[in-house]
Amino acid sequence: MPAVAEPEQPPVCAARRGDPDAWDALLRRHQLPLYAYVAELVRHDQTALDIVQETFIAAARHLASLRDDAKFSSWLFGIARQKCAQHWRKPPRDHEPIEELADVLPDAADDPRDWLIRREREEEFLARLAELPEPQREVLLLHFLEDFSLEEIADITSARVGTVKSRLHYAKRALRKLLEDKP
């Protein structure tokens, strides 16, 4: 009789049991989207890295409290959101953001004019995005950049789905107007 393969257990179950490979898989899967989300909220690279690290530490510490393993991603982003809120409540520290040269310099294969135009458009978009109220900016980031559903965003932000829909609607409208009205 042929052997029947056991179904693969989700990494969350294995992580709960303390499997380091499962934690590694979860970290690899979520660290970049989580960093992009946090970095856009706090607007400082090192602080974003610190918050992502604190988020994973808190997730490891409280994984037993997660009731539905399928909601791990939204649960993790919710922890990150709480860590960002804690960061905002702290008094500001005096530090200068240090930009890495790799993030600033164009790729050798790029035409410098194309690179400058892309960089200018990206800066323009991010500047307009930063003008939105934080709740609207947050739902835009979670929905379009991180691809969370409205229900997952509601879980992350502790808001009702209707509120998330409303924020998303007004955020898109406000961003469109800001981009159209640019000087």
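The opening residue of the sequence shown carries number 2 in the working numbering; numbering runs sequentially from there. Ideal Cβ placement from N, Cα and C applies to all residues, glycine included.
**Study point:** Chain-order list of residues whose beta-carbon lies under 7 Å from that of Gln-137 (same chain, five-residue window excluded)
**Key:** Cβ within range, chain order: Arg-168, Tyr-171, Ala-172, Ala-175.
Point to revise | DSSP three-state assignment for Gly-19, whether helix, strand or coil | key: Correct three-state label for Gly-19: coil.
Point to revise | Same chain only: Cβ atoms within 6 Å of Phe-78, ignoring 5 sequence neighbours per side | key: If we look at Phe-78 and ignore the five residues flanking it on each side, its Cβ neighbours are Ile-157.
Check your understanding: Can you list, in chain order, the residues of its chain whose CB lies under 8 Å from that of Cys-85, leaving out five sequence neighbours each side?
Key -> Excluding residues within five positions, the ones whose Cβ falls inside 8 Å are Val-39, Leu-42, Val-43, Ile-52.
Point to revise | Assigned exposure category for Ser-66 - 16 Cβ within 10 Å defines buried | key: The residue is exposed, with fewer than 16 neighbouring Cβ atoms inside 10 Å.
Point to revise | Cβ contact (3+ pairs, closer than 8 Å) linking the stretch 67-77 and the stretch 141-157 | key: Output reads yes: the stretch 141-157 touches the stretch 67-77.
Review point. DSSP on Leu-106, reduced to helix/strand/coil?
Key: In this prediction, Leu-106 has a pLDDT of 44, which is less than 50 and means its spatial position is unreliable; nothing more can be read from the coordinates.
Point to revise | Every unbroken alpha helix (DSSP H) within the stretch 133-173, with a cutoff of 4 residues, ordered by chain | key: Within the stretch 133-173, the complete alpha helix (DSSP H) runs of at least 4 residues are 135-141, 151-158.
Check your understanding: How far does the alpha helix (DSSP H) with His-45 in it reach, from first residue to last?
Key -> According to the DSSP assignment, His-45 belongs to no alpha helix (DSSP H), since it is labelled neither H nor E.
Check your understanding: Among Arg-82, Asp-25, Arg-129, Val-13, which one has its Cα closest to the Cα of Arg-49?
Key -> Note on residue identity: the sequence assigns Ala, not Arg, to residue 49. It is Arg-82 whose Cα lies nearest to the Cα of Ala-49.
Exercise for review: Check Arg-68 in the structure and name its three-state DSSP category.
Suggested key: Collapsing the DSSP output to three states places Arg-68 in coil.
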